[in-house]
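For what it's worth, our numbering labels the leading residue of the sequence shown as -5, then goes sequentially.
Cβ atoms here follow ideal geometry from the backbone N, Cα and C, with glycine treated the same way.
Here is the structure we will look at.
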Amino acid sequence: MGKIYSFLNRLFIMLKSLFITLILLSNNILADKSDIIKGLSAYFTGITEQDISAMPFNGMYEVTLRDPKLDVIYVSADGRYLSQGEVIDLRTRTNLTQSRLSNLAKEIMSTTTDAEKIIYKADDEKYVIDVFTDVDCPYCRKLHKDVTLGVTMKYLAFPRSGVNTKSYYRSVAIWCAENPEQAMNRGMLQKGNPLVDCKNPIIDHLILAKKLNVTGTPFIFFENGDHIPGYVNPKDLLKEIKRSLAKY
């Protein structure tokens, strides 16, 4: 009985010690994140502990920036040293930075709804792409005409000239039309549409585009958050979609 009591007592002490160690480690992690936020506060705002995660190598943390646009930076545990650029795992040949940015883009795109997009659904849908478009963009018109079979295309508006411009009002007219799909077809053929107004998502799309680092049109997002900045022909588009989705 004494041996059992002695064993249980030692076990209790070991578990107590382990519990205290875990608490200390937890506090150290929180302290590291607090130090990072403090160190970056003069340069970046809105960072929370949820935006900070340890990298798979010692001493560095990944920090997600969400405002005014998505970005990823790397910071030392004390918040003193900052590095900006791409981190690549040479063993797996994985671009950790691009992978993270794609996941963030996917997360943000998931907050949009089909109701605010103009959708051309493929009869034999195999893939779905979201496209920021501008009816006054020649390559957007080419993509609209060339889109490959099996790819559903969901349009968001990105009038490159900004708010209260001809391109902006043309986009509003398309989204406010009785039949937005037909209006988009007319717009892409440069036939024009009646300039009508209504409650529309154009400004929301512009804000979203800025956050996602959209710099031109067409700007194509795949379902996994990867993107192509610009026009690609149907054959290459299908190839890029397959290559991108095969990574995950």
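Cβ shell of F38 (< 7 Å), same chain only, five flanking positions each side left out: L59
Cβ-heavy atom distance, G144 to the ligand ZN, below 7 Å: What this structure holds is no ligand at all, so the ligand ZN is not there to describe.
Cβ-Cβ separation, R164 to D130 (assumed contact under 8 Å), whole Å: 7 Å
Terminal residues of the alpha helix (DSSP H) in which D198 lies: 196 to 205
P223 - partner residues in DSSP beta bridges: F213
Three-way DSSP call (helix, strand, coil) for M49 in this model: coil
Straight-line gap, M147 to D61 (C-alpha atoms, nearest Å): 28 Å
Selected residue, minimal CA-CA separation from I112, among D128, A99, S93: D128
D72 versus A36: straight-line alpha-carbon distance, rounded: 15 Å
Residue range of the beta strand (DSSP E) that includes V69: 65 to 70
Beta-carbon spacing of I222, I214 below 8 Å: yes
Close Cβ partners of Q184 (< 6 Å) along its chain, the five nearest in sequence each way excluded: none
P153 vs W169 beta-carbon contact at 8 Å: no
Proximal residues to S155 (C-beta, below 6 Å), its chain only, five neighbours per side dropped: S161
Unbroken beta strand (DSSP E) run spanning Y114, endpoints: 112 to 114
Stretch pair the region 113 to 122 + the region 133 to 146: three plus CB contacts closer than 8 Å: yes
Nearest-angstrom beta carbon gap, V226 and I197 [assumed within contact, 8 Å]: About 28 Å; that fails the 8 Å criterion.
Neighbourhood of E234 by C-beta, 7 Å cutoff - its chain only, sequence neighbours within 5 removed: I222, V226
Whole-angstrom distance between A177 and S93, CA atom to CA atom: 36 Å
Nearest-angstrom Cα separation, counted from V69 out to S77: 6 Å
Assigned exposure category for I30 - 16 Cβ within 10 Å defines buried: buried
L150 classed as buried or exposed, judged by whether at least 16 other C-beta atoms fall within 10 angstroms: buried
Three-state class that DSSP yields for L150 in the structure shown: strand
C-beta contact flag for E101 and T91 at 8 Å: no
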